[in-house]
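There are 2 protein chains.
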Amino acid sequence: MYKNICSCDICNHKLCTKKVSIFSSLSPEQLAKVANLIIHKEYQKGDLIVMEGESMDSLVIINEGQVKAFRNTQDGREQILYIFSEGDFFGERNLLRDQASTYNVKALEKTHVCLIHKRDFQVLVKDFPDIALKVMEELCQRLDRLEHTVETMGTGTVEARVSSVLLEFADKYGKAHPKGIMIELPLSREGIAHYIGLTRETVSRKMSMLQDEGILEMLGNKKVLLLDRAALERNLE
Amino acid sequence: MYKNICSCDICNHKLCTKKVSIFSSLSPEQLAKVANLIIHKEYQKGDLIVMEGESMDSLVIINEGQVKAFRNTQDGREQILYIFSEGDFFGERNLLRDQASTYNVKALEKTHVCLIHKRDFQVLVKDFPDIALKVMEELCQRLDRLEHTVETMGTGTVEARVSSVLLEFADKYGKAHPKGIMIELPLSREGIAHYIGLTRETVSRKMSMLQDEGILEMLGNKKVLLLDRAALERNLE
DNA sequence: ATGTAACTGTGATGCGGTTCATAATTCCTT
DNA sequence: AAGGAATTATGAACCGCATCACAGTTACAT
Chain U
1 MYKNICSCDI
11 CNHKLCTKKV
21 SIFSSLSPEQ
31 LAKVANLIIH
41 KEYQKGDLIV
51 MEGESMDSLV
61 IINEGQVKAF
71 RNTQDGREQI
81 LYIFSEGDFF
91 GERNLLRDQA
101 STYNVKALEK
111 THVCLIHKRD
121 FQVLVKDFPD
131 IALKVMEELC
141 QRLDRLEHTV
151 ETMGTGTVEA
161 RVSSVLLEFA
171 DKYGKAHPKG
181 IMIELPLSRE
191 GIAHYIGLTR
201 ETVSRKMSML
211 QDEGILEMLG
221 NKKVLLLDRA
231 ALERNLE
Chain H
1001 MYKNICSCDI
1011 CNHKLCTKKV
1021 SIFSSLSPEQ
1031 LAKVANLIIH
1041 KEYQKGDLIV
1051 MEGESMDSLV
1061 IINEGQVKAF
1071 RNTQDGREQI
1081 LYIFSEGDFF
1091 GERNLLRDQA
1101 STYNVKALEK
1111 THVCLIHKRD
1121 FQVLVKDFPD
1131 IALKVMEELC
1141 QRLDRLEHTV
1151 ETMGTGTVEA
1161 RVSSVLLEFA
1171 DKYGKAHPKG
1181 IMIELPLSRE
1191 GIAHYIGLTR
1201 ETVSRKMSML
1211 QDEGILEMLG
1221 NKKVLLLDRA
1231 ALERNLE
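Order-wise, the sequence lines are chains U and H.
Taking my numbering, the leading residue of the first sequence gets 1, the next gets one more, and so forth.
Taking my numbering, the leading residue of the second sequence gets 1001, the next gets one more, and so forth.
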């Protein structure tokens, strides 16, 4: 499963510690100590990083690239739960409790991750209680997002779901652009569909609609230029 | 908003500390110390305990009764996110971060709650770091449940949603019974509908179907006798 | 640059859940 | 125990998303 162990002398394993909010309360010396505990690994697009049910022995921090966390139902449908990018982490639940992973994680592109072993992480948390608080903060943010997702899935129209995910991507991956916000989509149409519980076709149709309304412009399959953010927000309800 | 301040000399404010897992690592003396910080309040069925957007100054622990946490969309639809019962707590996110409540909380029946003020809670967490870990554990359980809800809402059939919620209630509120599991429903059909993003009518119909199939028996509006748990589980996919 | 595989767009069709309407039951109050 | 309000059940019609089918487009590797 592990492919390339990055020897990475240049960054001295420090890059990921700097990018990650859970270590933000540490001093440079402490950070260096943490950096020594880290093992780097690299995955190619499509590689399965963790499988549902597999037990994990490390906290995984995304240093570069992105991954999706998802579950498969028996009839082959996929539900994407999270998209993790640079600075995000996963596997925390399997370290605190002794529990197998509750989802699959797959690289959406070439991805460089940093691993901290369970025993090292537990020592870290004891030595630096602020880390636990930061982890908690991150968990709270995930709760917020999932609550919002449940609300949208439960009460929202299909327009609202598509608008909501586009706004999320605009905030997370959007770059300023003279005509609006340029979004580099992390997922294909089908991926988006699996993220919000719809079919590929419906997502296609709704995005075409939004384009016809002048709210956005599709640039190939992987980019969207958001022209009218406010209009999307109005779609939320 | 606060109605009755319970003077409650009998329990000496200890009941709720004993019931709550986040204090399970404390010694009896430490528990007594915590108990002194607690203020008791009581709400009647239908009382709004917290409003969305309102800022909270206390952690709220349910001592007796149950409440629902929910959001309202602009067009008047309601999405129930959590049902909290004896031993559960809410408001933790507004204490750790400085954030207004993200949902409404309403009493589903006469409910007795214990309050710990923000400043007291923060001191507690510092003195007893295990409390933070316990809170984290609870947050993880909520994440698990929400992830499961998103999966069911995104990929599951309506049968699966109804089956899923009935299984949840069976585990949480079910009592052994010679013919199966007797469930005291915390929500009306409409409430269940708002919990799983369906309409009252659809929930009615599906539950009638389950009754016709001999999987359960409805006893009035508030009780369900689950006869064939395995059949419900098979419905999940 | 080109060819090919993967992805996307769109029409036609059908099913299933919502909506609306109304009847029946339950449950709560007195 | 009875009456009335609230909740639930159920039928009919409609609408929207899934599904199926296939054409068109994009992207990527060589």
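From the three backbone atoms N, C-alpha and C, an ideal C-beta is built for every residue, glycine too.
No experiment lies behind these values; they were computed from the predicted model shown.
Measuring alpha carbon to alpha carbon, tell me which of H:Gln-1074, H:Glu-1092, H:Met-1056 and H:Thr-1111 ends up nearest Gly-1046 (chain H). That would be H:Thr-1111, whose Cα lies nearest to the Cα of Gly-1046 (chain H).
Relative to the C-alpha of Ile-1022 (chain H), which candidate in H:Lys-1134, H:Asp-1144 and H:Thr-1199 has its C-alpha closest? Checking every option, the nearest Cα to that of Ile-1022 (chain H) belongs to H:Lys-1134.
Any idea what DSSP makes of Glu-1217 (chain H), helix, strand or coil? DSSP, read as helix, strand or coil, puts Glu-1217 (chain H) in strand.
Comparing alpha-carbon positions, which option in H:Asn-1235, H:Val-1158 and H:Arg-1142 lies nearest Leu-1198 (chain H)? Of the candidates H:Asn-1235, H:Val-1158 and H:Arg-1142, the one whose C-alpha sits nearest the C-alpha of Leu-1198 (chain H) is H:Val-1158.
With distances taken between CB atoms, is the gap from Leu-236 (chain U) to Ala-160 (chain U) smaller than 9 Å? A distance below 9 Å separates the beta carbons of Leu-236 (chain U) and Ala-160 (chain U).
Residue from H:Met-1207, H:Gly-1154, H:Arg-1229 and H:Glu-1213 with nearest C-alpha to Gly-1220 (chain H): For Gly-1220 (chain H), the closest of H:Met-1207, H:Gly-1154, H:Arg-1229 and H:Glu-1213 by C-alpha to C-alpha distance is H:Met-1207.
Among U:Val-150, U:Ser-24, U:Thr-73 and U:Leu-115, which has the Cα closest to the Cα of Phe-128 (chain U)? That would be U:Ser-24, whose Cα lies nearest to the Cα of Phe-128 (chain U).
By the three-class DSSP mapping on this structure, what secondary structure does Tyr-103 (chain U) have? Looking at Tyr-103 (chain U) - three-state DSSP - the assignment turns out to be coil, as it is neither helix nor strand.
Delimiting residues of the alpha helix (DSSP H) encompassing Glu-1086 (chain H): Per DSSP, Glu-1086 (chain H) belongs to no alpha helix (DSSP H) and is neither H nor E.
For Asp-1088 (chain H), which residues from the same chain have a beta carbon less than 6 Å from its beta carbon, with the 5 sequence-adjacent residues on both sides left out? The answer, listed in chain order, is Ile-1062.
Using a Cβ-Cβ cut-off of 7 Å (strictly less than) and excluding sequence neighbours within five positions of His-148 (chain U), which residues of its own chain qualify? So the list is empty, once near-sequence residues are dropped.
Relative to the C-alpha of Glu-1042 (chain H), which candidate in H:Lys-1179, H:Glu-1138 and H:Leu-1108 has its C-alpha closest? Taking only the C-alpha atoms, the option nearest Glu-1042 (chain H) is H:Leu-1108.
For the pair the region 1049–1058 of chain H and the region 1085–1102 of chain H, tell me if three or more CB-CB distances fall below 8 Å. Result yes; three or more Cβ-Cβ pairs closer than 8 Å.
What's the C-alpha gap between Met-218 (chain U) and Ile-83 (chain U)? Distance between the alpha carbons of Met-218 (chain U) and Ile-83 (chain U) is about 21 Å.
For Asp-75 (chain U) and Thr-1155 (chain H), the rounded distance between their alpha carbons: Near 10 Å, if we compare the C-alpha coordinates of Asp-75 (chain U) and Thr-1155 (chain H).
What separation, rounded to the nearest whole angstrom, lies between the Cα atoms of Ile-196 (chain U) and Glu-1029 (chain H)? Rounded to the nearest angstrom, the gap between the Cα atoms of Ile-196 (chain U) and Glu-1029 (chain H) is 49 Å.
Chain-ordered chain U contacts of Met-1136 (chain H) [CB-CB under 8 Å]: Within chain U, the residues near Met-1136 (chain H) are Leu-96, Ala-132, Val-135, Met-136 and Leu-139.
Name the chain H residues that come within less than 7 Å of Thr-73 (chain U), Cβ to Cβ? Here the neighbours are Thr-1155 and Glu-1237.
Taking the alpha-carbon of Gln-79 (chain U) as reference, which of U:Glu-151, U:Gln-211, U:Ile-192 and U:Val-203 has the nearest alpha-carbon? Ranking U:Glu-151, U:Gln-211, U:Ile-192 and U:Val-203 by Cα distance to Gln-79 (chain U) puts U:Ile-192 first.
Beta-carbon of Glu-1078 (chain H) versus every beta-carbon of chain U: anything under 9 Å? Yes, its Cβ sits closer than 9 Å to a Cβ of chain U.
Output the boundary residues of the alpha helix (DSSP H) element that contains Phe-1022 (chain H). Reading the sequence as shown, one finds Ile at residue 1022 (chain H) and not Phe. It is not in any alpha helix (DSSP H) - Ile-1022 (chain H) carries neither H nor E in the DSSP assignment.
List in chain order: all unbroken beta strand (DSSP E) runs of 3+ residues lying wholly within the region 140–215 of chain U. If we require 3 residues or more, the beta strand (DSSP E) runs fully inside the region 140–215 of chain U come out as 174–177 and 180–184.
So for Ile-62 (chain U), helix, strand or coil by DSSP? Strand, per DSSP.
Judging by CA-CA distance, which residue of U:Ile-215, U:Ala-231, U:Lys-33 and U:Lys-18 is the nearest neighbour of Phe-121 (chain U)? Comparing Cα-Cα distances from Phe-121 (chain U) to each of U:Ile-215, U:Ala-231, U:Lys-33 and U:Lys-18, the minimum goes to U:Lys-33.
Against chain H, does Val-150 (chain U) count as a neighbour if the rule is that its beta carbon must be under 9 Å from one of theirs? Answer yes: the Cβ-Cβ gap between Val-150 (chain U) and chain H drops below 9 Å somewhere.
Using a Cβ-Cβ cut-off of 9 Å, state whether Asp-1144 (chain H) counts as contacting chain U. Judged by the 9 Å Cβ criterion, Asp-1144 (chain H) is in contact with chain U.
Express the C-alpha separation of Tyr-1103 (chain H) and Glu-1168 (chain H) in angstroms, rounding to a whole number. Looking at the two C-alpha atoms, the distance is approximately 21 Å.
Just verifying my parser: in three-state terms, what is the DSSP assignment at Phe-1128 (chain H)? The answer is coil: DSSP assigns Phe-1128 (chain H) none of H, G, I, E or B.
Find the residues of chain H that neighbour Leu-81 (chain U), judging by a C-beta separation of less than 7 Å, and give them in chain order. Those are Glu-1147 and Val-1150, listed as they occur along chain H.
Provide the residue span of the beta strand (DSSP E) that contains Lys-1033 (chain H), from first to last. The continuous stretches of beta strand (DSSP E) do not include Lys-1033 (chain H), which lies in the alpha helix (DSSP H) extending over residues 1028–1037.
Let me check understanding here. Comparing Cα to Cα, which of U:Leu-225, U:Arg-77 and U:Val-125 lies closest to Leu-185 (chain U)? Comparing alpha-carbon positions, the option among U:Leu-225, U:Arg-77 and U:Val-125 lying closest to Leu-185 (chain U) turns out to be U:Leu-225.
Alpha carbon to alpha carbon, how far is Gly-1180 (chain H) from Ser-1204 (chain H)? Give it in angstroms, no decimals. About 21 Å.
How about His-1194 (chain H): is its C-beta nearer than 9 Å to some C-beta of chain U? Chain U, which has a Cβ nearer than 9 Å to the Cβ of His-1194 (chain H), makes this yes.
Got a sec: is the Cβ-Cβ distance from Leu-232 (chain U) to anything in chain H below 9 Å? Closer than 9 Å to the CB of Leu-232 (chain U) there is not a single CB belonging to chain H.
With a threshold of 16 other CB atoms inside 10 Å of the CB of His-177 (chain U), please say whether the residue is buried or exposed. By the 10 Å Cβ count, His-177 (chain U) comes out exposed.
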